[in-house]
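Worksheet: one structure, shown below.
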Amino acid sequence: MYLWFLAAVLAYFIKGLCGFANTLVFTSVLSFRVENANISPIDLLIGYPSNVILAWKYHKKLDPNIYLPLVGLVLAGSIPGVFLLKHVNATSIKVVFGIVVIVLGMQMLLKEYSSKTMQLPKFILALIGILSGVLCGLFGVGALLATYVGCVTNDTDTFKANLSAVFIVDNTVRLILYSCLHILTMNTVKMSLLLFPFALLGLWAGMKCSNLLNEKHIRILTSILLVISGVSLILKNI
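So the sequence shown is residues -17 to 220, counted in the numbering used here.
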């Protein structure tokens, strides 16, 4: 049980600090002992209010031209992703997730050391949006969404506001679909309620540290840890 508490605090500390990556950390910590189908619904329930808090805090930076197109792309991919979660083998899911973590961790790390602004063609951004929806359905992973929003925003507050707005829409759809597919259970709700105070503590600490610490160094460390976690997941499930 202590592993769940630790995962919640660490994951939502990163969420408060960077605006995303909570699911990557949460799942990386727990996937060694818990099935992914049991992790994603809990992270969804404790992540929903966290996204609302961030969107409200930075609501003055919300831009419909940024979040509305991405919402459409995410919705297009999230529905098949949820159905795959219901039927795909758990071991295969963990291997795929490990690869995703490595790729995203490396992308995040390279971006921190790059002196050039990342510019991607529109069709690549559209593909990222659709794949993000599928990943959200499978794992609740929003780091690809962060890649997209990072390409079209210029400051951290705008990034957090618009990314949180997209997450809220995605979370709403997933809550409905998870309920219809009976992925959400009473035990899931009880566990989420138990973990939420720890997630809230982590979120608050992360938001405070984002105003005090060098965010670049924190993101670099997070990227390295994600890559290591991804490699470990693959090795344990090959």
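All C-beta atoms in this analysis are idealised placements derived from N, C-alpha and C, irrespective of residue type, glycine included.
Please check the pair G80 and L215, which I expect to be a contact at CB under 8 Å, by giving their CB distance rounded to whole angstroms.
Taking the sequence shown and counting its residues from 1, one reaches residue 80 at position 98. Taking the sequence shown and counting its residues from 1, one reaches residue 215 at position 233. The Cβ separation is near 4 Å, so the contact holds.
3 or more residues per run - each beta strand (DSSP E) lying fully within the segment 128 to 201:
For the segment 128 to 201, not a single whole beta strand (DSSP E) run of length 3 or above is found.
Local Cβ density within 10 Å of N228, reported as buried at 16 or more and exposed below that:
Residue 228 is absent from the structure shown; the chain starts at -17 and stops at 220.
Local Cβ density within 10 Å of F14, reported as buried at 16 or more and exposed below that:
Sequence index remark: in the sequence shown, residue 14 carries index 32 (1-based). A residue is called buried when at least 16 other Cβ atoms come within 10 angstroms of its Cβ; F14 does not meet this threshold and is exposed.
Using three-state DSSP, classify M(-17) as helix, strand or coil.
Numbered from 1 along the sequence shown, position 1 holds the residue referred to as residue -17. In the structure shown, M(-17) sits in coil (DSSP, three-state: anything other than H, G, I, E or B).
Going by C-alpha distance, which of Q89, Y(-16), S10, A143 is nearest A37?
Residue mapping note: residue 37 aligns to position 55 of the sequence shown, counting from 1. Comparing Cα positions, the closest option is A143.
Within the same chain, show all residues whose beta-carbon is closer than 7 Å to that of I202, passing over the 5 residues directly before and after it, in chain order.
Taking the first residue of the sequence shown as position 1, residue 202 is located at position 220. Hits under 7 Å: L91, E94.
Between the C-alpha atoms of T5 and A(-7), what's the straight-line distance to the nearest angstrom?
Counting from one through the sequence shown, the residue named residue 5 turns up at place 23. Counting from one through the sequence shown, the residue named residue -7 turns up at place 11. It is roughly 7 Å from the alpha-carbon of T5 to the alpha-carbon of A(-7).
So does the segment 19 to 31 actually touch the segment 151 to 161, counting three or more Cβ pairs closer than 8 Å?
Counting C-beta pairs closer than 8 Å gives three or more between the segment 19 to 31 and the segment 151 to 161, which meets the contact rule.
Same chain, Cβ closer than 6 Å to G222, five either side skipped, listed in chain order:
Within the shown structure, residues of the chain are numbered from -17 to 220, placing residue 222 beyond reach of any answer.
DSSP-derived helix/strand/coil call for I220:
Residue numbering aside, residue 220 sits at position 238 when the sequence shown is read from its first letter. Residue state, collapsed to three classes: coil.
Three-way DSSP call (helix, strand, coil) for F2 in this model:
As a working note, residue 2 is residue 20 in the sequence shown. Coil, per DSSP.
How is L44 classed by DSSP in three states: helix, strand or coil?
Taking the sequence shown and counting its residues from 1, one reaches residue 44 at position 62. Coil.
Excluding the five sequence neighbours on either side, which residues of its own chain have a C-beta within less than 7 Å of the C-beta of M88, listed in chain order?
The sequence position of residue 88 within the sequence shown is 106, counting from 1. Around M88: V209.
Own chain residues within Cβ distance below 7 Å of G111, not counting five before or after
Here residue 111 corresponds to residue number 129 of the sequence shown, with the count starting at 1. Hits under 7 Å: L52, L55, V56, Y130.
Any chance you could list the alpha helix (DSSP H) runs of at least 4 consecutive residues sitting entirely within the segment 68 to 97, in chain order?
Fully enclosed alpha helix (DSSP H) runs of 4 or longer: 72 to 95.
Same chain only: Cβ atoms within 8 Å of G1, ignoring 5 sequence neighbours per side
As a working mapping, residue 1 is identified with position 19 in the sequence shown. The residues are L36, A128, T138, F141, K142, L145, S146.
Between K198 and the rest of its own chain, which residues show a CB-CB distance below 8 Å, the 5 nearest in sequence each way excluded?
Your numbering for residue 198 matches position 216 in the sequence shown. Once the five neighbours on either side are set aside, the close Cβ partners of K198 are E94.
As assigned by DSSP and simplified to three states, the class of P31:
If you number the sequence shown from 1, residue 31 lands on position 49. The three-state reading of DSSP puts P31 in helix, counting H, G and I together.
How long is the line joining the alpha carbons of T167 and K43, rounded to whole angstroms?
Here residue 167 refers to the residue found at position 185 of the sequence shown. Here residue 43 refers to the residue found at position 61 of the sequence shown. If I take the Cα positions, the gap works out to 36 Å.
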